[in-house]
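Which chain is which? The protein sequence lines are A and B, in order. When you number the first sequence by full-length UniProt numbering, it's gap-free, plus one each residue, and the end is 227. When you number the second sequence by full-length UniProt numbering, it's gap-free, plus one each residue, and the end is 227. C-beta atoms are modelled at their ideal positions from N, C-alpha and C, and glycine is treated no differently.
Number of protein chains: 2
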Amino acid sequence: MPMPQTSASLPRPHTLIEFGILSASNPTISLSEFTYTRGSEIYSEKEPIEFVYQVKSGAVRSCKLLSGGRRHIGAFHVAGDFFGLENGDVHRFSMEAMVDTIVHRVRRESLDAAAENDGTLTRDLLRMAATNLGHAEDHMLLLGRKTSMERVAAFLIEMDKRLTTAGILALPMTRRDIADYLGLTIETVSRSLSHLRELGILRFIDNSQRHIVLVDRQQLAGLDRQN
Amino acid sequence: MPMPQTSASLPRPHTLIEFGILSASNPTISLSEFTYTRGSEIYSEKEPIEFVYQVKSGAVRSCKLLSGGRRHIGAFHVAGDFFGLENGDVHRFSMEAMVDTIVHRVRRESLDAAAENDGTLTRDLLRMAATNLGHAEDHMLLLGRKTSMERVAAFLIEMDKRLTTAGILALPMTRRDIADYLGLTIETVSRSLSHLRELGILRFIDNSQRHIVLVDRQQLAGLDRQN
DNA sequence: CGCAGGCTTGACGTCCTTCAACCGTTGTGG
DNA sequence: CCACAACGGTTGAAGGACGTCAAGCCTGCG
Chain A
1 MPMPQTSASL
11 PRPHTLIEFG
21 ILSASNPTIS
31 LSEFTYTRGS
41 EIYSEKEPIE
51 FVYQVKSGAV
61 RSCKLLSGGR
71 RHIGAFHVAG
81 DFFGLENGDV
91 HRFSMEAMVD
101 TIVHRVRRES
111 LDAAAENDGT
121 LTRDLLRMAA
131 TNLGHAEDHM
141 LLLGRKTSME
151 RVAAFLIEMD
161 KRLTTAGILA
171 LPMTRRDIAD
181 YLGLTIETVS
191 RSLSHLRELG
201 ILRFIDNSQR
211 HIVLVDRQQL
221 AGLDRQN
Chain B
1 MPMPQTSASL
11 PRPHTLIEFG
21 ILSASNPTIS
31 LSEFTYTRGS
41 EIYSEKEPIE
51 FVYQVKSGAV
61 RSCKLLSGGR
71 RHIGAFHVAG
81 DFFGLENGDV
91 HRFSMEAMVD
101 TIVHRVRRES
111 LDAAAENDGT
121 LTRDLLRMAA
131 TNLGHAEDHM
141 LLLGRKTSME
151 RVAAFLIEMD
161 KRLTTAGILA
171 LPMTRRDIAD
181 YLGLTIETVS
191 RSLSHLRELG
201 ILRFIDNSQR
211 HIVLVDRQQL
221 AGLDRQN
């Protein structure tokens, strides 16, 4: 019986070292490991930037707040992802752990100092900034012009690429997180998922609503037609 | 009689030379001037990246298309702004002139080559990428969680900073452009503007609906409460 | 057990879209 | 020169997609 395959995009780097942020030629940067419990804040909006992070295990969300209790989530970061790498003086989003999470972090100054003498590292930083920008641009399109169904489909496709293992997509985020990421309400997200289940495109697993099996990725992709 | 002042933010660079993209130490980069007529396409989505541009005069829009005739505008660029500076191989947006526009452009390779030996230039590129990212993040919040009124107010505030002269805000874009930028329809944009006029927050000038005087910036800012 | 948090589902409300009519300006060809 | 189509904008009426409100289920936990 064939193993259900995730629709794997290009594999992403797994450690600061592999990515080139740390390398044998940069022995000056010290790496330390930190643990955050579910729901705790790693840093908050407008806080001065001290560290750059990489998720070792777990998952985090970056968010902003508006009046009237409105919340917006800009991105999710899971194992392997970098975050906190911004080019201003202060953070533009707050960052919270969605589940118990282990991160690696390095002082931002040491990174800057290392980049000073290392063109490769600088290009890596530029490439990462471009990756973030590309994601943000796609997400603007989603928020500005897509229907609720297209948004949820796009979300599932994105998460499937990133964290499906052994055929199971184990989402670390709540319906509220998903809603605030997609610019919807929890009810609309829930209804969209129920509808996808009724269509046979996905299945819920066990008694946890956060474990999902994507049955028909083709059809799912069809629901988020980019063109 | 006091001159009405634009709520000027930090002044932006005015030429590639001032910005540092071109400098006396980079005599290798050749600069050329190009003109595009209203409505013409400067480059299109998925086209290989050849040049990096700066608007000399006029204004351009970056846009994407979806099925069903849906359009999304990611950003507007006016005199002084850079565009086309992406880090992939191909453009992620198409770029069109909204009015007759003159641009300066340099070959992307010559820029890359110059950056190779010039840490300052590289840092400038990083800074520009960060600026774009910051704008995209703010815009995601707008598209995901703001009401139509808040969006239009935010739009006016943004454009006021960039192109109000002598107290008059002369918009280069149509209602459709504004709508596709804000994730709304032209009718909703028009109604919001009419409502602002009724409230005495702005006035239309002459017989062009694109020339506006902002009467009460304070009140306008109040309609787009970030918090 | 009792309570809180997360999810689903239904009924209803609303903000924005859709559809349509109309106006003024621009530009174009007879 | 003028008729008239094309374009951009405004406004009203009706509709719909998503939001709001509410009830109920399930699980985990003190």
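>> One question on the structure: do Glu137 of chain A and Gly74 of chain B come within less than 8 angstroms of each other, judged by their Cβ atoms?
In response: To locate residue 137 of chain A, count along the first sequence from 1; it is residue 137. To locate residue 74 of chain B, count along the second sequence from 1; it is residue 74. For Glu137 of chain A and Gly74 of chain B, yes; Cβs fall inside 8 angstroms.
>> Output needed in chain order: residues of the region 48-82 of chain B with a Cβ under 8 angstroms from some Cβ in chain A.
In response: When C-beta distances to chain A are compared with 8 angstroms, the residues of the region 48-82 of chain B below that value are Lys64, Leu65, Leu66, Ser67, Arg70, Arg71, His72, Gly74, in chain order.
> Can you tell me whether DSSP reads Gln218 of chain A as helix, strand or coil?
Replying inline: Here residue 218 of chain A refers to the residue found at position 218 when the first sequence is read from its first residue. Helix at Gln218 of chain A.
> Arg145 of chain A touches chain B at which residues, Cβ-Cβ below 7 angstroms?
Replying inline: What you label residue 145 of chain A is simply residue 145 of the first sequence in a count that begins at 1. Within chain B, the residues near Arg145 of chain A are Leu66, Arg70, His72, Gly183.
>> Report the start-end ranges of each beta strand (DSSP E) in the region 188-213 of chain B that is 3 residues or longer and not cut off at the edges.
In response: Entirely contained in the region 188-213 of chain B, the beta strand (DSSP E) runs reaching 3 residues are, in chain order, 202-205.
>> For a minimum of 3 consecutive residues, which ranges assigned as the beta strand (DSSP E) are wholly contained in the region 127-194 of chain A?
In response: Counting only runs of at least 3 residues, the region 127-194 of chain A fully encloses the following beta strand (DSSP E) elements, listed from N- to C-terminal order: 168-170.
>> Could you check whether the region 202-215 of chain A touches the region 129-145 of chain A, counting it as contact only if at least three pairs of C-beta atoms, one from each stretch, sit closer than 8 angstroms?
In response: Pairwise C-beta distances place the region 202-215 of chain A out of contact with the region 129-145 of chain A, as fewer than three of them are shorter than 8 angstroms.
> Given Asp224 of chain A, which residues of its chain have a CB within under 6 angstroms of its CB, disregarding the five upstream and five downstream residues?
Replying inline: For the purposes of this step, residue 224 of chain A is taken as residue 224 along the first sequence, with counting starting at 1. Cβ within range, chain order: Glu150, Ala153, Ala154.
>> Tell me the rounded alpha-carbon separation between Asn117 of chain B and Gly183 of chain A.
In response: Within the second sequence, numbered from 1, the residue matching residue 117 of chain B stands at position 117. Within the first sequence, numbered from 1, the residue matching residue 183 of chain A stands at position 183. Rounded to whole angstroms, the gap between the alpha carbons of Asn117 of chain B and Gly183 of chain A is 43 angstroms.
> Residues in its own chain within less than 7 angstroms of Arg108 of chain B by CB, not counting five upstream and five downstream?
Replying inline: Taking the first residue of the second sequence as position 1, residue 108 of chain B is located at position 108. The beta carbon of Arg108 of chain B sits closer than 7 angstroms to the beta carbons of Ile49, Glu50, Phe51, Val52 from its chain, once the five residues preceding and following it are set aside; these are given in chain order.
> Would you say Met95 of chain A reaches chain B, if we count a Cβ-Cβ gap shorter than 8 angstroms as a contact?
Replying inline: What you label residue 95 of chain A is simply residue 95 of the first sequence in a count that begins at 1. No, because no Cβ of chain B sits closer than 8 angstroms to the Cβ of Met95 of chain A.
>> Could you give the first and the last residue of the continuous alpha helix (DSSP H) run that contains Ala113 of chain B?
In response: Translated into positions along the second sequence, residue 113 of chain B becomes position 113. The continuous alpha helix (DSSP H) containing Ala113 of chain B extends over residues 108-116.
> For the candidate residues B:Leu169, B:Thr122, B:Tyr181, B:Glu33, whose alpha-carbon lies nearest to that of Val215 of chain B?
Replying inline: In the second sequence, the residue the question calls residue 215 of chain B occupies position 215. Closest in C-alpha terms to Val215 of chain B, from the list B:Leu169, B:Thr122, B:Tyr181, B:Glu33, comes B:Leu169.
> Between the C-alpha atoms of Leu121 of chain B and Arg127 of chain A, what's the straight-line distance to the nearest angstrom?
Replying inline: Residue mapping note: residue 121 of chain B aligns to position 121 of the second sequence, counting from 1. Residue mapping note: residue 127 of chain A aligns to position 127 of the first sequence, counting from 1. Taking the straight line from one Cα to the other gives about 15 angstroms.
> Would a C-beta distance cut-off of 8 angstroms place Phe93 of chain B and Ser62 of chain B closer than the cut-off?
Replying inline: As a position in the second sequence, residue 93 of chain B is number 93, starting the count at 1. As a position in the second sequence, residue 62 of chain B is number 62, starting the count at 1. The answer is yes: Cβ separation under 8 angstroms.
> Rounded C-beta distance between His91 of chain B and Tyr43 of chain B? I'm assuming under 8 angstroms.
Replying inline: What you label residue 91 of chain B is simply residue 91 of the second sequence in a count that begins at 1. What you label residue 43 of chain B is simply residue 43 of the second sequence in a count that begins at 1. About 6 angstroms separates the beta carbon of His91 of chain B from that of Tyr43 of chain B, a gap short enough to meet the 8 angstroms contact definition.
>> Could you pull the DSSP bridge partners for His91 of chain B from this structure?
In response: Counting from one through the second sequence, the residue named residue 91 of chain B turns up at place 91. Assignment of beta-bridge partners to His91 of chain B by DSSP yields no partner.
> Taking just the CA atoms, how far does Leu125 of chain B sit from Val106 of chain B?
Replying inline: In the second sequence, counting from the first residue as 1, residue 106 of chain B sits at position 106. In the second sequence, counting from the first residue as 1, residue 125 of chain B sits at position 125. When the Cα atoms are used, Val106 of chain B and Leu125 of chain B turn out to be separated by approximately 14 angstroms.
> What is the DSSP secondary structure of Arg61 of chain B, reduced to helix, strand or coil?
Replying inline: The count along the second sequence starts at 1 and reaches residue 61 of chain B at position 61. If DSSP states are grouped into helix, strand and coil, Arg61 of chain B belongs with the strands.
> DSSP state of Arg123 of chain B, grouped into three classes?
Replying inline: Within the second sequence, the letter at position 123 stands for residue 123 of chain B. Assignment of Arg123 of chain B by DSSP, reduced to helix, strand and coil, places it in the helix class.
> How close, in whole Å, do the beta carbons of Arg217 of chain B and Leu171 of chain B come, if the pair is a contact with beta carbons under 8 angstroms?
Replying inline: Indexing the second sequence from 1 puts residue 217 of chain B at position 217. Indexing the second sequence from 1 puts residue 171 of chain B at position 171. Here Arg217 of chain B is actually not in contact with Leu171 of chain B; their C-beta atoms are around 16 angstroms apart, not less than 8 angstroms.
> For Ser25 of chain A, which residues of its own chain have a beta-carbon under 6 angstroms away from its beta-carbon, when the five flanking residues on both sides are left out?
Replying inline: Position 25 of the first sequence, counted from the start, is the residue given in the question as residue 25 of chain A. In this prediction, Ser25 of chain A has a pLDDT of 47, which is less than 50 and means its spatial position is unreliable; what the coordinates show is noted afterwards. Within the same chain, no Cβ atom closer than 6 angstroms to the Cβ of Ser25 of chain A is found once the five residues on either side in sequence are excluded.
> Going by DSSP, which residues form a beta bridge with Arg71 of chain A?
Replying inline: Against the first sequence, residue 71 of chain A aligns to sequence position 71. In the DSSP output, where bridge partners are listed per residue, Arg71 of chain A has A:Leu65.
> Would a C-beta distance cut-off of 8 angstroms place Gly144 of chain A and Leu143 of chain B closer than the cut-off?
Replying inline: Here residue 144 of chain A refers to the residue found at position 144 when the first sequence is read from its first residue. Here residue 143 of chain B refers to the residue found at position 143 when the second sequence is read from its first residue. Closer than 8 angstroms, so yes.
> If we ignore side chains and look at the alpha-carbon of each, how far apart do Asp89 of chain B and Arg123 of chain B end up?
Replying inline: If you number the second sequence from 1, residue 89 of chain B lands on position 89. If you number the second sequence from 1, residue 123 of chain B lands on position 123. Rounded to whole angstroms, Asp89 of chain B to Arg123 of chain B spans 21 angstroms at the Cα level.
> So which residues on chain A does Arg127 of chain B lean against when the C-beta distance must stay under 8 angstroms?
Replying inline: Numbered from 1 along the second sequence, position 127 holds the residue referred to as residue 127 of chain B. Ordered by position in chain A, the residues that pass the 8 angstroms Cβ test against Arg127 of chain B are Asn87.
> Among A:Asn87, A:Lys146, A:Ala179, A:Arg70, which residue has its Cα nearest to the Cα of Ser67 of chain B?
Replying inline: Your numbering for residue 67 of chain B matches position 67 in the second sequence. Comparing Cα-Cα distances from Ser67 of chain B to each of A:Asn87, A:Lys146, A:Ala179, A:Arg70, the minimum goes to A:Lys146.
> Taking DSSP as the reference, what is the three-state secondary structure of Pro27 of chain A?
Replying inline: Position 27 of the first sequence, counted from the start, is the residue given in the question as residue 27 of chain A. In this prediction, Pro27 of chain A scores a pLDDT of 48, lower than 50, which makes its location untrustworthy; the coordinate-derived value is nonetheless stated afterwards. Coil at Pro27 of chain A, not helix or strand.
> Which stretch, first to last residue, makes up the beta strand (DSSP E) that contains Ile42 of chain B?
Replying inline: Indexing the second sequence from 1 puts residue 42 of chain B at position 42. Element bounds for Ile42 of chain B: 41-43.
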